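Using the working numbering, the first residue of the sequence shown is number 8, and each one after it goes up by one. Just below is one structure, and these are the notes that go with it.
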Amino acid sequence: MSTSTRGGQGPGAGLAQPLTMPSAGRAVAHLGLLVLGAVVGAAGALVQSGWFPGGLLLALAGAAGLFLGGARALGARGGAVAPAAGWMIAVILLTVSRPEGDFLFGAGIGSYLFLLGGIAVAVMCATLARFGQPDGPGARLAK
8 MSTSTRGGQG
18 PGAGLAQPLT
28 MPSAGRAVAH
38 LGLLVLGAVV
48 GAAGALVQSG
58 WFPGGLLLAL
68 AGAAGLFLGG
78 ARALGARGGA
88 VAPAAGWMIA
98 VILLTVSRPE
108 GDFLFGAGIG
118 SYLFLLGGIA
128 VAVMCATLAR
138 FGQPDGPGAR
148 LAK
């Protein structure tokens, strides 16, 4: 016997739905979060090396706030993934050395902690963000 009912109102209603394009407002919100993630990544790269222990914590806290705030604002994990992708793109582009020999990240413990810590924060915010149940009543069993 199936646990879902026709019309999309049962417990498994959202599992086998076709993918649809997001609304224009949602797409713009994701794009804005992507750009904001790149800005936070670039700012964090500068701050973490300037004031080593405090700057590193400030940069990671700013990234965590953006990732979790994006997830809460959009009500989906994609709200954390979009700024995390922007953060990652900015940080990876800043680690590449230029032909002149210039680079932004030094080979120190702070840079590695910023890179690995930012990735860990992004994964935690994307996977641990809690959201309410989709449409419909709560799923409590009767006694």
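Idealized CB from N, CA, C, for every residue including glycine. Every value quoted in this text rests on a predicted model; they were computed, and no experiment measured them.
query                                                                                                                     : result
Around the Cβ of Val47, are there at least 16 other Cβ atoms within 10 angstroms (buried) or fewer (exposed)?             : buried
Tell me the DSSP secondary structure of Trp58 in three-state form.                                                        : coil
With C-beta atoms as the reference, is Gly97 less than 7 Å away from Phe74?                                               : One detail in the question is off: residue 97 reads as Ala in this sequence, not Gly. Not a contact, by the Cβ cut-off of 7 Å.
By the 10 Å Cβ neighbour count, where 16 or more other Cβ atoms means buried, how is Trp94 classified, buried or exposed? : buried
Express the C-alpha separation of Val130 and Ala87 in angstroms, rounding to a whole number.                              : 9 Å
Grouping DSSP H, G and I as helix and E and B as strand, with all else coil, what is Thr134?                              : helix
Terminal residues of the continuous alpha helix (DSSP H) containing Ala229?                                               : With the chain covering 8 to 150 only, the question about residue 229 has no answer from this structure.
From Ala78 to Ser104, what distance separates their C-alpha atoms?                                                        : 33 Å
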